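Chains as they are written, first to last, in our numbering: chain A, 15 to 369; chain B, 15 to 369.
Here it is in structure tokens:
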């Protein structure tokens, strides 16, 4: 068995993969594959309805919000958010905490004015800025709740006087959130929710339809809401596997239970990084991510050898992003704590060898 | 075994489904699922490269064209085509042959002027208009090569003085085409190429980048070309299954071989429809589709009973689209001729019973 610390598309629960594989051959015993049935069939409509219901249950989504399963990844939402929420003469406020936040705000500039209200770019995004004022005249305020590349995470969300929009691609379903604090939440599935190919959007209906802009049907949230994510053929299999993963999460006790596991995994790993003289963390302690743990070797010349040791131990996906270097251990919901212990053991073995 | 005549997402080859299921559990023996590996891994890069290569081989794609695997279905392309090809003061020419052609031209109206150069709407799209002139000052000319709902198909493509854009969602890879006649071809995967969740685009590079419009990154063909379909995380599994399906098609002898099978299937079914007094075809004979065979009962009161008989015989997906009624037998590449014979037998049995 491999210990999959990949940053995404990331690890999925074993039992989900097994069920998904069965569905590819024969879905629920109907004699057809999930890949070759109509999205308008009662069988798939039940899958989509259950997926939406599980999102609402797991995150306690209040009345007045719609839950959508779309395509195109978070990168498509970078454009759809301002397309739908930012009038041409309006202004959007962005918190710049990493490459993805930066890409999001760049897309918004095509649609209106953008104000970067705080940024940690000058420090290579090693912390989350905290002293800023969200302008009350902004159309919305955008945050990226977890920064996959740098390994930082917002552990508290600001109170926003305007609708808050959050890219939660890499930490959704990893801990409880209060959806009512947000105008819109989006997340590519391929970290904690399912395989690549679908994107979750949770949107407060009353913030939509106010820009006066004509929006192509596929990019128009109200059209997607009206169509129940089926304005056109949805990504059937990606939604099916997401539903299975959400079902798995519910059976585990939901986001409250998984948060405890995630903290236990992250804490164990950060303790080792701080303790082990061969390694060090790179981000501000208060802003460390519970999803993507970044660290480097105190002596950069050791890095190649440690990657080789990981390879020997079937530890995969720990090479850091090219813009940061070092290591990144992504410890998403589905990663068992036993894998974290294998990594910690490897770090200790490596320290022994290099005393 | 079911006989799957569904219009889409449609039938896929059995061996492809088996391989896909194996990949969901353990992809190529690497100890990880295809659903949980990085899209930047050498394993997935090889899948994408092979998928692109197979498209080029099977369709004889000439130099100067790019092959993309995107997300969002053909409905997204309805907007991306004019976004990328139609200047604000320009004009696009559309042939209106069905609901999908109509949706495509409606989206184009958001971006510039649209001229419907011919339409069969007044006759409920039962034929393909043929006498028309394509304006030489249009930015492009758009056709829908097969009309899934009505069961009509263009069996010859017009010569166009301007770049020809084709929605081939429901007949791509069903017969040889001359890609050089087209500026852009697009197709949702879920009929002849793979599962829902990816969209094939084949585009002549030299027609791009001429509108002067600023286009969000995800909607900009040049950005997708430059990123090799990996500007962001692509729909890994849908591309993988598409690659497997294209490999299957190549092993069968490619589009020339499958065209013969498709004609044999369609001819057998149309002969029965024309012969059997209880059924009749609805479309102009010359424009009958080799992919979606539409027909009705001569006595509409028989339709319910025939659907029940189909159900008994494990024939699924033959109910006609609500806007046409009657029956629609979709006979995509993966449908074996034995299934067509089962349907024909059912029609003959039904005629015997109702003499």
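Glycine included, every Cβ here is placed at the ideal spot set by N, Cα and C. Quick caveat, the model's predicted, so the values are computed rather than measured.
| request: Please compile the residues from chain B whose C-beta is within a distance smaller than 7 Å of the C-beta of residue 113/A. | output: By Cβ distance, chain B contributes nothing, its closest Cβ being about 12 Å from residue 113/A, past 7 Å.
| request: Flag this pair as yes or no: are the beta carbons of residue 69/B and residue 260/B separated by less than 8 Å? | output: Judged by their CB atoms, residue 69/B and residue 260/B are nearer to each other than the 8 Å cut-off.
| request: State the DSSP-derived secondary structure class of residue 343/B, mapped to helix, strand or coil. | output: Three-state DSSP puts residue 343/B in a strand.
| task | Show which residues of chain B have a CB atom less than 8 Å away from the CB atom of residue 15/A. | result | What residue 15/A touches in chain B: 45.
| In whole angstroms, what is the alpha-carbon distance linking residue 145/B and residue 193/B? | Distance between the alpha carbons of residue 145/B and residue 193/B is about 23 Å.
| said: Classify residue 280/A: buried if its beta carbon has 16 or more other beta carbons within 10 angstroms, exposed otherwise. | reply: Buried is the call here.
| Inside the segment 313-339 of chain B only - alpha helix (DSSP H) runs reaching at least 4 residues | Listed in chain order, the complete alpha helix (DSSP H) runs (minimum 4 residues) inside the segment 313-339 of chain B are 317-326.
| field | Where the segment 179-201 of chain A meets chain B: residues whose CB sits under 8 Å from a CB there | value | Listed by position, the residues of the segment 179-201 of chain A near chain B (Cβ gap below 8 Å) amount to none.
| query | How about residue 124/A: is its C-beta nearer than 8 Å to some C-beta of chain B? | reply | With 8 Å as the cut-off, residue 124/A counts as an interface residue toward chain B.
| query | What are the complete beta strand (DSSP E) segments, minimum 3 residues, inside the segment 131-205 of chain A? | reply | DSSP runs (the beta strand (DSSP E)) wholly in the segment 131-205 of chain A: 154-158, 178-181, 198-202.
| task | State yes or no: is the beta carbon of residue 32/B nearer than 8 Å to at least one beta carbon in chain A? | result | Flagged as an interface residue toward chain A: residue 32/B, by a C-beta distance shorter than 8 Å.
| Which residue from 199/B, 329/B, 133/B puts its Cα closest to that of residue 361/B? | The residue with the shortest Cα to Cα distance from residue 361/B is 329/B.
| query | When the Cα atoms are used, what is the spatial distance from residue 233/A to residue 322/A? | reply | Spanning the two alpha carbons is a distance of roughly 45 Å.
| field | Distance between beta carbons of residue 252/A and residue 212/A, contact taken as under 8 Å | value | By a beta-carbon distance limit of 8 Å, residue 212/A contacts residue 252/A. Their separation comes to about 4 Å.
| Would you call the CB atoms of residue 153/A and residue 100/A closer than 8 Å? | Their beta carbons are under 8 Å apart, which means residue 153/A touches residue 100/A by this criterion.
| Which residues DSSP lists as bridging residue 294/A, in chain order | The beta-bridge partner set that DSSP reports for residue 294/A consists of 310/A.
| What's the call for residue 161/A, buried or exposed, on a 16-neighbour Cβ count within 10 Å? | Burial call: buried.
| CA-to-CA distance, residue 262/A to residue 29/A, given in whole angstroms | Their backbone Cα atoms lie some 8 Å apart in a straight line.
| Any alpha helix (DSSP H) of 4 or more consecutive residues that is wholly inside the segment 228-301 of chain B | The qualifying runs are 235-240, 250-265, 268-289.
| query | So is residue 161/B in contact with chain A if we call contact Cβ pairs under 8 Å? | reply | Taking 8 Å as the CB threshold, residue 161/B stays off the interface with chain A.
| field | Contiguous beta strand (DSSP E) assignments of at least 3 residues, all confined to the segment 17-102 of chain A | value | Every beta strand (DSSP E) stretch that sits fully inside the segment 17-102 of chain A and reaches 3 residues is listed by chain position as 79-84.
| query | residue 226/B and residue 85/A: beta carbons closer than 8 Å? | reply | With contacts defined by Cβ atoms closer than 8 Å, residue 226/B and residue 85/A do not form a contacting pair.
| C-alpha gap between residue 364/B and residue 292/B, whole angstroms | Those two C-alpha atoms are separated by around 8 Å.
| request: Consider the Cβ of residue 204/B: report whether some Cβ of chain A lies at a distance smaller than 8 Å. | output: Proximity of residue 204/B to chain A, defined by a Cβ-Cβ separation below 8 Å, is satisfied.
| request: May I ask you to report which of helix, strand or coil DSSP gives residue 116/B? | output: Reduced to three states, the DSSP call for residue 116/B is helix.
| My guess is that residue 208/A and residue 243/A are in contact by the Cβ rule of under 8 Å, so how many angstroms apart are they, rounded? | Between residue 208/A and residue 243/A a beta carbon distance of about 14 Å is seen, past the 8 Å cut, so the two are scored as non-contacting.
| For chain A, is any of its Cβ atoms less than 8 Å away from the one on residue 255/B? | Yes - at least one Cβ of chain A is within 8 Å of the one on residue 255/B.
| request: Determine which residues share a DSSP beta bridge with residue 215/A and list them. | output: Beta-bridge pairing links residue 215/A to 82/A, 200/A.
| Neighbourhood of residue 195/B by C-beta distance below 7 Å, restricted to the same chain and skipping five residues each side | Same-chain partners within the cutoff: 171, 178.
| request: Give a yes or no on contact between the segment 264-275 of chain B and the segment 32-48 of chain B, applying the rule of three or more CB pairs nearer than 8 Å. | output: A contact is defined here as three or more CB-CB pairs under 8 Å, and the segment 264-275 of chain B fails this definition with respect to the segment 32-48 of chain B.
| query | With which residues is residue 121/A paired in a DSSP beta bridge? | reply | Bridge partners of residue 121/A according to DSSP: none are assigned.
| query | Would you say residue 21/B and residue 306/B are within 8 Å of each other, going by their C-beta atoms? | reply | Yes; because the gap between Cβ atoms is below 8 Å, this pair is in contact.
| query | Where does residue 105/A sit, in a helix, a strand or coil, going by DSSP? | reply | DSSP places residue 105/A in strand when its eight states are reduced to three.
| If you measure from the beta carbon of residue 245/A to each beta carbon in chain B, is any gap under 8 Å? | Yes, because at least one Cβ of chain B sits closer than 8 Å to the Cβ of residue 245/A.
| said: Less than 8 Å between the beta carbons of residue 107/B and residue 248/A, yes or no? | reply: Cβ distance not < 8 Å, so residue 107/B and residue 248/A don't count as in contact.
| query | Nearest chain A C-beta to residue 53/B closer than 8 Å, yes or no? | reply | At least one C-beta of chain A is nearer than 8 Å to the C-beta of residue 53/B.
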